[in-house]
Amino acid sequence: MDPEKPFAGQSAKVVEQAIEVLCVIVGSPDEQLGVREIGRRLGIGRSTTQRILVALRNSEMVTVDESSGTYAPGRRVAELSAPLPHRGNLVTVARRHLEWLWRLTGETVSLSVQAHGMRVTLDKVDSTHELRLSADIGVGSPLYAGAAGRALLAFMPEEERRAYLASVLLTRLTPATVGDVETLARSLLEVRRAGYAISYGERVAGGVAVAAPVIRDGYAVASVSVFAPAQRLEPATAADMALDVIRAAALIEGDLFMRQPAA
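In terms of UniProt numbering, the sequence shown is residues 1 to 263.
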């Protein structure tokens, strides 16, 4: 008997289990899944499930909420979910434009995409202010909460957006988080009209964000956002900053899709 065959069979089984674990997490974006529930659904022991999740987390395929112990799709899942024309080079292409916006505003700047009903941060440049706000790369948050997610949601294909609005369960992250679908739908119309989104304390209390979509063929493939404490980003300043955020998004579009944004 070939001595490598039993080992190969065991390795294949672990790979299959890892794929199943990832599929459960990706396929359940609105559920709070921890180690025990994932293992129960798949009939996998707790220790095996834990080892698989550690490996998936180390490879940035999943992310964990440390406070609740629940898992969500990570940065690399978001990248794999991105359309083929810009997959793999979005972060590289966008980086210099994020840095330009960061130098211009002095605040935290981030690049996000939509993956399985969540907004996931792909890249960021943190503010150097002592008091600053940030977002963790690879960590997902609801599309409906905050400017970065709404910029993606507003420019989602209409059929997908309607399906999202019909099925989403709105959970308040802060007192300012939108609480009903009708209000959310109206805000998305305003974002489409203006070409950008502004949020005040919707995802993080005391934070203000300004975001604009990176567009291809009329739909958002990513969003660019600036995130700062409310005491430094008053409404009038945020509205003025929107023009710079739109410009950064347009520059990324130009580099990704080989066309020049309007001057």
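C-beta atoms are modelled at their ideal positions from N, C-alpha and C, and glycine is treated no differently.
Nothing here was measured: the structure is a model prediction, and the numbers come from that model.
Straight-line gap, residue i to residue j (C-alpha atoms, nearest Å)
i                 : j              : result
aspartate 123     : asparagine 89  : 12 Å
valine 221        : valine 113     : 7 Å
threonine 121     : proline 175    : 23 Å
valine 62         : glycine 39     : 15 Å
isoleucine 215    : glutamate 182  : 25 Å
valine 26         : proline 73     : 6 Å
glutamate 16      : arginine 57    : 17 Å
alanine 242       : valine 168     : 28 Å
arginine 41       : valine 125     : 38 Å
threonine 48      : glutamate 60   : 18 Å
alanine 239       : arginine 162   : 28 Å
valine 64         : valine 35      : 10 Å
glutamate 158     : alanine 115    : 16 Å
proline 229       : tryptophan 102 : 15 Å
alanine 55        : proline 235    : 43 Å
glutamate 253     : serine 28      : 31 Å
alanine 248       : serine 225     : 9 Å
alanine 145       : leucine 173    : 8 Å
glutamine 50      : leucine 143    : 28 Å
tyrosine 196      : leucine 188    : 10 Å
glycine 179       : glutamate 202  : 10 Å
threonine 177     : tyrosine 219   : 24 Å
arginine 95       : valine 191     : 24 Å
tyrosine 164      : lysine 13      : 35 Å
isoleucine 137    : arginine 119   : 11 Å
histidine 129     : isoleucine 44  : 46 Å
aspartate 217     : alanine 185    : 22 Å
leucine 233       : histidine 97   : 21 Å
phenylalanine 155 : arginine 76    : 22 Å
aspartate 244     : alanine 18     : 42 Å
serine 141        : glutamate 31   : 12 Å
Member of the options whose CA lies at the smallest distance from the CA of residue i
i              : options                        : result
alanine 148    : Tyr164, Arg186, Val109, Leu165 : Val109
isoleucine 246 : Phe257, Asp255, Val210         : Val210
serine 67      : Gly43, Leu33, Val77            : Leu33
glycine 206    : Thr105, Leu133, Thr92          : Leu133
serine 223     : Leu233, Gly179, Leu111, Gln231 : Leu111
tyrosine 71    : Ala185, Glu130, Leu131, Leu22  : Leu22
alanine 212    : Met118, Ala151, Lys13, Gly69   : Ala151
valine 204     : Ala135, His97, Leu153          : Ala135
glutamine 231  : Val139, Ala250, Ala166, Tyr200 : Tyr200
First and last residue of the uninterrupted beta strand (DSSP E) at residue i
i            : result
valine 62    : 62 to 65
alanine 230  : Element bounds for alanine 230: n/a, residue is neither H nor E.
alanine 72   : 70 to 73
tyrosine 200 : 197 to 200
Residue i in three-state terms, based on DSSP
i              : result
isoleucine 246 : helix
glycine 254    : helix
arginine 216   : strand
valine 54      : helix
glutamine 32   : coil
serine 59      : coil
valine 208     : strand
arginine 87    : Here arginine 87 scores only 46 on pLDDT, less than 50, and its place in the model should not be relied on; the value that follows carries that caveat. It is coil, neither helix nor strand.
proline 261    : Only weak support is given to the placement of proline 261: the predicted model assigns it a pLDDT of 47, under 50, and the question is left unresolved by the model.
Boundaries of the alpha helix (DSSP H) in which residue i is found, first to last residue
i           : result
arginine 41 : 35 to 42
alanine 94  : 90 to 105
Cβ-heavy atom distance, residue i to the ligand PLP, below 6 Å
i             : result
glutamate 190 : The model on display carries no ligand, and the ligand PLP is accordingly not part of it.
Could you tell me which whole beta strand (DSSP E) segments of length 3 or greater appear in the segment 116 to 193? 118 to 125, 140 to 142
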